[in-house]
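As structure tokens, the structure follows; a few thoughts come after it.
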Amino acid sequence: MRRLALVLAALVALAIPVAAGAHATLKSVSPGFQQELASAPPAIVLTFDQIVSFPSIEVLDQKGHNWALPATIDDTIVKAAIRQLPRGNYTVRWHALSADSHVVSGVWTFGVGVPALPPTEAYGASGPTRTEHIVRWLYFGALATVIGALGVRLLCLRGLVVPPGVEKRILLIAGLGTAAFLELGILAFCMRCEDVLQLPFGKFLYGDLSPISGGTRFGTAFIAMTLGFAVVAAFVYLSWLLDRTDLLWPPFLLAIGFASGISLSGHDAVDPGSFWATELADWVHLVAASLWVGGLLALVLAVWPAGAALRVAGFVRFSRLAVWLVAITLGAGTYLAIVRLPHLHDLWRTGYGQTLIVKLSLVSVALFLGAAHHFVVRPRLERAGDTFLARAGRSLAAELAVAVAVLLVAAVLTDSKPPIPPGSIPNAAAAVPR
Amino acid sequence: MEPQAEMVHWLFAGGLLFLGLVLLCEVLVDEETWRKRAWRVYLWPGVAFGMGVLMWPVMTFFTNSAIHMLAHGSWAQALMIAGGAELGLARGKLHSRWWKLAIPIGLVVSGLAFLLHEQNPWFFARSAFLHHLNGWTLVIGSIFPFGLVWRPNSVVLRTGFALMFVALAVMLFCDRDVAPIFGHLSPLAGVPHR
Amino acid sequence: MAPRSTTEHRTRPRGRAQLAEGLGWLTVAAGVVWAIVQPDRLTLLHPFHQGFWWLVIEPPLLVMLVGAIFVFTVARPLVADQEERDGAAS
């Protein structure tokens, strides 16, 4: 084994990769992505790695007025002179025909005398669509599946004799959840980029995503979470391969840690009034809710098909854990709602508040079911027969269904804009890269 | 401080060369000696799985175009799944021989990703030529592991499978970002560097 | 056809293991030849404002490194195992 470790270490040292390429791509731009300039630039300059033809460059102000003159080509450099720009935020949208006959495109922002907006706020960028709400819902669901399945195995079934079938089902759920999280993360990132680039699918495939992946909180979170969950996938797989339950601790902790990427790029990190406590509260809220919802899923799909003894032990332990999880979720959620909605009437007057009411209503139903499980079902489990256990399983599935619906509303809420607190400056807030 | 594309190709070429050498070695020596040390049985599938994990940083850091990001993602997943399936078979966690199909399917998917993401013609530049060649080598080379599902002891198929990785490594080592291929370089490709 | 001798039977597998080691050395030699034929591939020989990656990633050196890793971590132990088996058999 030592030799294997040596070989693997040598190979890791051999392969610490970062980038690769083929058709015309941008080498550099001037002004830079999200650069704040003291004075107006004389021209926009794009340098490619290959010669391009038929370039088009637009420099758009926040009203959509184009300030650029026609673009010219000098070898691999494309330049467009611009008229004297007044102070403000500008969006550069460019297209060029690559030698491979595909139109390469991109967008970035810069500011003259003001901090530049992130590319997600570029002129012409659209907001999240209904499809994106669904993708985000599935994304939250996948995260909950990973954290919940690993959490149930490590926290609720610890020290118990777990049959191989249950072990296998839990690992399968965690593995599928991780794969889904990675795929949905890529899909969500591409959709967000598509919102910014505003290109049809064929052209989007050749769109430059680097200003979004490298220059926004959203992009940084995408990179960090994708890398983190690739490692989670590797650990879950190794745990299955080597029959080592202790190998589930690193992916559990990594999944919890990297879930912070969502909190660090969401409302509670970038909107006015956000600071470290709102970021922390959002992360705690997300992790506790994920453990609760995902734990229910693992309990219903993996533990419930097992023998009565494991069902009872698993239910009792999860029920105890769920009390804390619900308390943490509610506590952090209440704090965030107070920060986001400074006035009580915001709750029914704003779209964000109305969505929050729907979420709270669903949470109440889930809480009612959870309380019934804790106070009614749990005390009767010890002496329960198969019929009672089967009914309890159905009722757990109902709680899970409501919790999944809560995730859907949470996804819509995440994509909605909360009202701006009085006294804050919207432009300054928007200048924080997302 | 990102390395140039060709450097990443060279790094992965190193991994593929090692993979090819190990597979050739496995063909050469008798099975009993090879299996004397447990770690040797897991060696090449483990290397493939590890290379899959290491492909994720390439995917996330290379976002100059969506299609490249997706191609790198497909290679990462194909390597992890194929290596993972072989590790499962070697460990005795998987039993069905159909799991062996993960490798040829992974190779076909990877080959198609190469061919689809390279839109320039063969003689546009060296990188374009090698992308086409890599793609077709992977697609056609998938015949070897495909045959091994039914004839796992065939020396010809095992040797062909091993040599395919060596060939891929040689191709990737030959890669340069902007360089001629057999004296051809499209004037649109830019200025070659050393 | 005359039956093969016992000695021949024993040495053949060992010979194959040594051939595997030879593959590793051949790879190292290929790296050396490449470095001689294309010295421009070795940035270390003529460093001129090159960055970190140019100085670290040098293809002929990578080939040599892979060959050496293969020889010392895979092929040599394999030859030793084969010799051990041969010794036990005799």
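Residue numbers (the working numbering), protein chains in the order written: chain Y, 1 to 434; chain B, 435 to 628; chain G, 629 to 718.
For each residue, glycine too, the CB sits at the ideal point set by N, CA and C.
Computed from a predicted structure; not experimentally measured.
Taking only beta-carbon positions, decide if B/G517 is within less than 7 Å of chain Y. no
With burial defined as no fewer than 16 other Cβ atoms inside 10 Å of the residue's Cβ, what is the status of B/Q553: buried or exposed? buried
Reduced DSSP secondary structure (H/G/I, E/B, other) of Y/R83: coil
List the residues of chain B whose Cβ lies closer than 7 Å to the Cβ of G/P687, in chain order. Within 7 Å Cβ-Cβ: W444, F607.
So which residues of chain B does G/I697 contact, with C-beta pairs closer than 8 Å? Neighbourhood of G/I697 in chain B, by CB distance below 8 Å: F452, in chain order.
CA-to-CA distance, Y/I262 to Y/P433, given in whole angstroms: Below a pLDDT of 50, predicted positions are generally treated as unreliable, and Y/P433, at 35, falls in that range; the measurement from the model is reported next regardless. In a straight line, the C-alpha of Y/P433 is about 14 Å away from that of Y/I262.
Let me check one thing: in DSSP terms, what residues is Y/Y335 bridge-paired to? The partner list for Y/Y335 (beta bridge, DSSP) is empty, contrary to what the question assumes.
Taking only beta-carbon positions, decide if B/G484 is within less than 7 Å of chain G. Not an interface residue.
C-alpha distance - Y/A405 paired with Y/G273, whole-angstrom precision: 28 Å
Determine whether the Cβ of B/G448 lies closer than 7 Å to any Cβ atom of chain G. yes
By DSSP, does Y/I44 sit in helix, in strand, or in coil? Strand at Y/I44.
Per-residue contacts from B/V456 into chain G (C-beta, under 8 Å): F698, V702
Nearest-angstrom Cα separation, counted from Y/V103 out to Y/L205: 9 Å
Counting C-beta neighbours from all protein chains within 10 Å, is the total for Y/E58 16 or more, i.e. buried, or is it exposed? buried
Would you list, in chain order, the members of the region 494 to 519 of chain B that have their beta-carbon closer than 9 Å to a beta-carbon of chain G? none
Quick check on Y/V376: buried or exposed, where buried means 16 or more other Cβ atoms within 10 Å of its Cβ? exposed
Interfacial residues, the region 116 to 134 of chain Y to chain B, with Cβ spacing under 7 Å: none
With three or more C-beta pairs closer than 8 Å as the rule, is the region 644 to 662 of chain G touching the region 688 to 695 of chain G? Contact between the region 688 to 695 of chain G and the region 644 to 662 of chain G is established, with three or more Cβ pairs separated by less than 8 Å.
Taking Y/D195 as part of the alpha helix (DSSP H), name the residues at either end of that continuous run. Counting along the chain, the alpha helix (DSSP H) containing Y/D195 begins and ends at 164 to 197.
Unbroken alpha helix (DSSP H) run spanning G/T671, endpoints: Note, G/T671: premise wrong, no alpha helix (DSSP H); not H, not E.
Take the Cβ of Y/P200 as the centre, count every other Cβ of all protein chains shown within 10 Å, and call the residue buried at 16 or more, exposed below. exposed
Is any non-hydrogen atom of the ligand FAD found closer than 6 Å to the C-beta of Y/A403, if you look at the structure I gave you? Within the structure as shown, the ligand FAD is missing, as the structure has no ligands at all.
Range of the contiguous alpha helix (DSSP H) that encloses B/W473: 472 to 495
Out of B/P555, B/L451, B/V461, which has the shortest C-alpha to C-alpha gap to B/R592? B/V461
From the DSSP output, read off the bridge partner residues of B/T571. Paired residue(s): none; B/T571 is not in a bridge.
So which residues of chain B does Y/F204 contact, with C-beta pairs closer than 7 Å? Going along chain B in sequence order, the residues near Y/F204 (Cβ under 7 Å) are A500.
So what's B/A547 in DSSP terms, helix, strand or just coil? helix
Counting only C-beta atoms, is B/L521 closer than 7 Å to chain Y at any point? yes
CB contact check: B/R610 to chain Y, cutoff 7 Å: It does not; no Cβ of chain Y falls within 7 Å.
Give me whichever residues DSSP pairs with Y/Y90 in a beta bridge. Y/F110
Residues bridged to Y/S56 [DSSP beta-bridge criterion]: In the DSSP assignment, Y/S56 is bridged to Y/H95.
Interface residues of chain G around B/M441 at Cβ under 7 Å? W681, I685
Buried or exposed for Y/F368, going by 16 or more other Cβ atoms inside 10 Å? With a threshold of 16 other beta carbon atoms within 10 Å, Y/F368 falls short and is exposed.
Quick one, are the C-beta atoms of Y/V152 and Y/A298 less than 7 Å apart? yes
Taking 7 Å as the CB-CB cut-off, is Y/L227 touching chain B? It does: the Cβ of Y/L227 has a partner Cβ on chain B nearer than 7 Å.
Could you confirm whether any beta carbon from chain B is found closer than 7 Å to the beta carbon of Y/A259? no
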